[in-house]
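**Student:** One structure, pasted below without further comment.
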Amino acid sequence: MTENKDIQTIAGIDVEVKNIRGGQGTIYKDRQTGQAIDAKAAQEKFAQVEKNIQAQVDDYIKSNYEAIGGRGGVTNYRSNTGEVVEHTQVDELKDSLFKKIAAEQAKNHPQEKVATVAQETVPAVAPKNVAPAEIKDQDPVHILAGIAEEKKTVRGGEFSIYRDRETGEILQDSVARQRIEQAKAPLKESVNKIFAETHTELTGRFGAGSFKHNETGAIVARGDVEKVKEQMLEQAATAKIAENKAQIAQAKTQDELKALETHAVETKKVIEGDTQRTLVGVDGIVKKGEYIGPDSDPQVIAGIQRQLGCESSGIWCEKTVAAITKLQKTLGVEPDGIIGPITLQAMRENPVVVAAAQMKGAFEPLIAQKEKLQGEADVASVAPPSATPKVVTPVKATGQERFV
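Going by numbering that gives the first Met the number 0, the residue at position 44 of the sequence shown is 43; the numbering climbs one at a time, nothing skipped.
Structure, rendered in structure tokens:
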């Protein structure tokens, strides 16, 4: 039976030791359901969790230490810095790493046991596996790769814990590094090409390996070449992030504009049909010799307001009068601001004019929304910082130019 509480938490199993008939017995329960689990099945789950964590530990050791021979067949190690480390120290580091990784993973699993009510098991609610509340790693290449790196120090040595930026899940070092290299690959290719096009390699006994910028004449010393390229790569990654954000914003805006156009077409169909229906039955609303004005029934006023593209409040107002007057002028009727038999007859004879007035009122908010979206689209379409990185030259032109 594993005694590591973190392993039990990751496996989702509760372990209880009870006195049974004068002896001790172990009971395993599923943390979420509270159901008993066979001892063999529980141990297999523990073993799988331990295997996964041990693989991460071994991957770290393999990446940072080289096994070398020792006295009496004992295997010692050499670190990446060239320091010889005894096997006992590496064993201690492995044990410490194992416990730390297990503790980190256990944080993303439910910690409490299930509660029972009236002998019915109530599953504990597992917390969602979300990204950390604060990700300090803002390296542009890591952002492109979707990786967050957290550095830790153990016994004077530093190692990294990699997480997925979206889910917060801990990733194996090999997986994280592969994703980072995949994100870097096209950027490296671009940087190397730009550097080669903008610099000329110096020749001569003392200048070999250094480069001169073709336009500024600034010298990049041999020891600074990789540093300059790394700075250029970060610039290219930052520009790529901005470009990705702009593309996402543009795509979102285009989708919204498309939905708006569809809504406008459907609105037009409804308005034209509503106009035809209302005008055909207009004699039923206003009898011969009657007028629609301030004293009319609110429902009748609201109906006319809808036809004029106004807010159908049923309250006679200045906007309603202004809309009627404008329509009367268009129809060639005396613009008195009140709808009577003559205006109604003109409306029946010119339904297209009425529909146009109604549609204009209905489409005004849609037009305003479209203009707003198009403005946002213009902002999103502004070219992001060029993916072509600036050339960083930390060393100014010197007398080395004579070796060109």
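Glycine residues also receive a C-beta, built at the ideal position from the N, C-alpha and C atoms.
Quick caveat, the model's predicted, so the values are computed rather than measured.
1) Could you please give the first and the last residue of the uninterrupted alpha helix (DSSP H) stretch that includes H409?
2) Within the stretch 306-388, note down every full alpha helix (DSSP H) run reaching 4 residues or more, in order along the chain.
3) So, with DSSP's three-state summary, where would you put H108?
4) Might you give, ordered along the chain, the residues of its own chain that have their beta carbon closer than 6 Å to the beta carbon of I9, omitting 5 neighbours on each side?
5) Can you confirm whether the stretch 340-352 touches the stretch 318-331 when touching is taken to mean that 3 or more C-beta pairs between the two stretches lie within less than 8 Å?
6) Give the list of continuous beta strand (DSSP E) stretches no shorter than 3 residues that lie fully inside the stretch 172-230.
7) Identify the continuous beta strand (DSSP E) that holds S159 and give its terminal residues.
8) Does I12 come out as helix, strand or coil in the three-state DSSP assignment?
9) Do G156 and L92 count as a contact pair if the criterion is CB distance below 8 Å?
10) Select from D57, E242, A354 the residue whose C-alpha is nearest the C-alpha of D90.
11) Is there contact between the stretch 359-371 and the stretch 296-309, where contact requires at least three CB pairs shorter than 8 Å?
12) By Cβ distance below 7 Å, which residues in the same chain neighbour S173 in space, the five residues on each side in sequence not counted?
13) Please report the distance separating the alpha-carbon of T25 from that of Q88.
14) So E190 and A235 are supposed to be a Cβ contact under 8 Å. How far apart are they, rounded?
15) Touch check for the stretch 240-255 and the stretch 197-217: three-plus C-beta pairs under 8 Å?
16) Are the stretch 193-201 and the stretch 174-181 touching, with three or more C-beta to C-beta distances below 8 Å?
17) Count the other CB atoms, across all protein chains shown, that sit within 10 Å of the CB of K331; report buried if there are 16 or more and exposed otherwise.
18) If you draw a straight line from the alpha carbon of Y161 to that of L96, how long is it in whole angstroms?
19) Could you tell me whether the Cβ atoms of Q171 and A40 are closer together than 8 Å?
20) Return the CA-CA distance between P334 and K328, expressed in angstroms with no decimal places.
21) I need the straight-line Cα distance from E148 to S159, nearest angstrom please.
22) Go ahead and pull the three-state DSSP assignment for T152.
23) So what's D29 in DSSP terms, helix, strand or just coil?
24) Distance check for A245 and E2, CA to CA, integer angstroms please.
25) Just the C-alpha distance for R347 and A248, rounded to the nearest angstrom, thanks.
26) So does D136 have its beta carbon nearer than 7 Å to some heavy atom of the ligand SAM?
27) Nearest to M358 by alpha carbon, out of Q304, I338, E370?
28) Below 6 Å CB to CB, which residues in the same chain sit around D136 once its five sequence neighbours on both sides are set aside?
29) Going by Cα to Cα distance, which pick from K150, K369, H141 is closest to D163?
30) So for E2, helix, strand or coil by DSSP?
31) Roughly how many angstroms lie between the CA atoms of K28 and I100, to the nearest whole one?
32) For V83, which residues in the same chain have their Cβ closer than 8 Å to its Cβ, ignoring the five residues on either side in sequence?
33) Give the straight-line distance between the Cα atoms of K4 and V14, rounded to the nearest whole angstrom.
34) Since G313 contacts P297 with CB under 8 Å, what's their CB separation in whole angstroms?
**Tutor:** Inspection of the coordinates gives the following:
1) Within the shown structure, residues of the chain are numbered from 0 to 403, placing residue 409 beyond reach of any answer.
2) Entirely contained in the stretch 306-388, the alpha helix (DSSP H) runs reaching 4 residues are, in chain order, 317-330, 340-348, 350-380.
3) Against the sequence shown, residue 108 aligns to sequence position 109. It is coil, neither helix nor strand.
4) As a first step, residue 9 must be located in the sequence shown, where it is residue number 10. Same-chain partners within the cutoff: V48, Q104, A105, H108.
5) Contact between the stretch 318-331 and the stretch 340-352 is present, with at least three C-beta pairs closer than 8 Å.
6) Counting only runs of 3 or more, we get 198-200, 210-212.
7) For the purposes of this step, residue 159 is taken as residue 160 along the sequence shown, with counting starting at 1. S159: member of the beta strand (DSSP E) spanning 156-163, first to last residue.
8) Working through the sequence shown from its first residue, we reach residue 12 at position 13. I12 falls in the strand class under three-state DSSP.
9) Mapped onto the sequence shown, residue 92 falls at position 93. Mapped onto the sequence shown, residue 156 falls at position 157. Yes. Within cutoff.
10) By one-based count along the sequence shown, residue 90 stands at place 91. Per the Cα distances, D57.
11) At 8 Å Cβ cutoff, the stretches touch.
12) Residue numbering aside, residue 173 sits at position 174 when the sequence shown is read from its first letter. Excluding sequence neighbours, S173 sits near D58.
13) Locating residue 25 in the sequence shown gives position 26, counting from the first residue. Locating residue 88 in the sequence shown gives position 89, counting from the first residue. Rounded to the nearest angstrom, the two C-alpha atoms are 35 Å apart.
14) As a working mapping, residue 190 is identified with position 191 in the sequence shown. As a working mapping, residue 235 is identified with position 236 in the sequence shown. The amino acid at residue 190 is misidentified as Glu; the sequence shows Val. The pair is a contact, with the Cβ atoms about 6 Å apart (cut-off 8 Å).
15) They do not touch, by the three-pair rule.
16) No, the stretch 193-201 is not in contact with the stretch 174-181.
17) Here residue 331 is taken as the residue at index 332 of the sequence shown, counted from 1. With the sequence shown as reference, residue 331 is identified as Gly, and Lys is not the correct amino acid for it. Classification for G331: exposed.
18) Locating residue 161 in the sequence shown gives position 162, counting from the first residue. Locating residue 96 in the sequence shown gives position 97, counting from the first residue. When the Cα atoms are used, Y161 and L96 turn out to be separated by approximately 14 Å.
19) Here residue 171 corresponds to residue number 172 of the sequence shown, with the count starting at 1. Here residue 40 corresponds to residue number 41 of the sequence shown, with the count starting at 1. Not closer than 8 Å, so no.
20) Translated into positions along the sequence shown, residue 334 becomes position 335. Translated into positions along the sequence shown, residue 328 becomes position 329. The straight-line gap from Cα to Cα measures roughly 6 Å.
21) In the sequence shown, the residue the question calls residue 148 occupies position 149. In the sequence shown, the residue the question calls residue 159 occupies position 160. Rounded to whole angstroms, E148 to S159 spans 6 Å at the Cα level.
22) The residue you call residue 152 lines up with position 153 of the sequence shown. The DSSP-derived three-state label of T152 is strand.
23) Taking the first residue of the sequence shown as position 1, residue 29 is located at position 30. D29 falls in the strand class under three-state DSSP.
24) For this step, residue 2 is matched to residue 3 along the sequence shown. For this step, residue 245 is matched to residue 246 along the sequence shown. Roughly 52 Å between the two C-alpha positions.
25) On the sequence shown, residue 347 is found 348 positions in, with the first residue counted as 1. On the sequence shown, residue 248 is found 249 positions in, with the first residue counted as 1. Taking the straight line joining both Cα atoms gives about 47 Å.
26) This structure simply doesn't include the ligand SAM, nor any ligand for that matter.
27) One-based indexing of the sequence shown puts residue 358 at position 359. If we check each option's Cα against that of M358, Q304 comes out closest.
28) If you number the sequence shown from 1, residue 136 lands on position 137. A147, E148, listed in sequence order.
29) Along the sequence shown, one-based indexing puts residue 163 at 164. Looking only at K150, K369, H141, the smallest Cα-Cα distance to D163 is reached by H141.
30) Your numbering for residue 2 matches position 3 in the sequence shown. Three-state DSSP puts E2 in coil, outside helix and strand.
31) Start at 1 with the first residue of the sequence shown, and residue 28 comes out as number 29. Start at 1 with the first residue of the sequence shown, and residue 100 comes out as number 101. If you draw a straight line from the Cα of K28 to the Cα of I100, it comes to about 24 Å.
32) The residue labelled residue 83 in the question sits at position 84 within the sequence shown. Within the same chain, Cβ atoms closer than 8 Å to the Cβ of V83 are found at I67, N75, Y76, R77, the five residues on either side in sequence being excluded.
33) As a position in the sequence shown, residue 4 is number 5, starting the count at 1. As a position in the sequence shown, residue 14 is number 15, starting the count at 1. In this structure, the straight-line span from the alpha carbon of K4 to that of V14 is close to 9 Å.
34) Your numbering for residue 313 matches position 314 in the sequence shown. Your numbering for residue 297 matches position 298 in the sequence shown. In this structure, G313 and P297 form a Cβ contact; the two beta carbons are roughly 3 Å apart against a cut-off of 8 Å.
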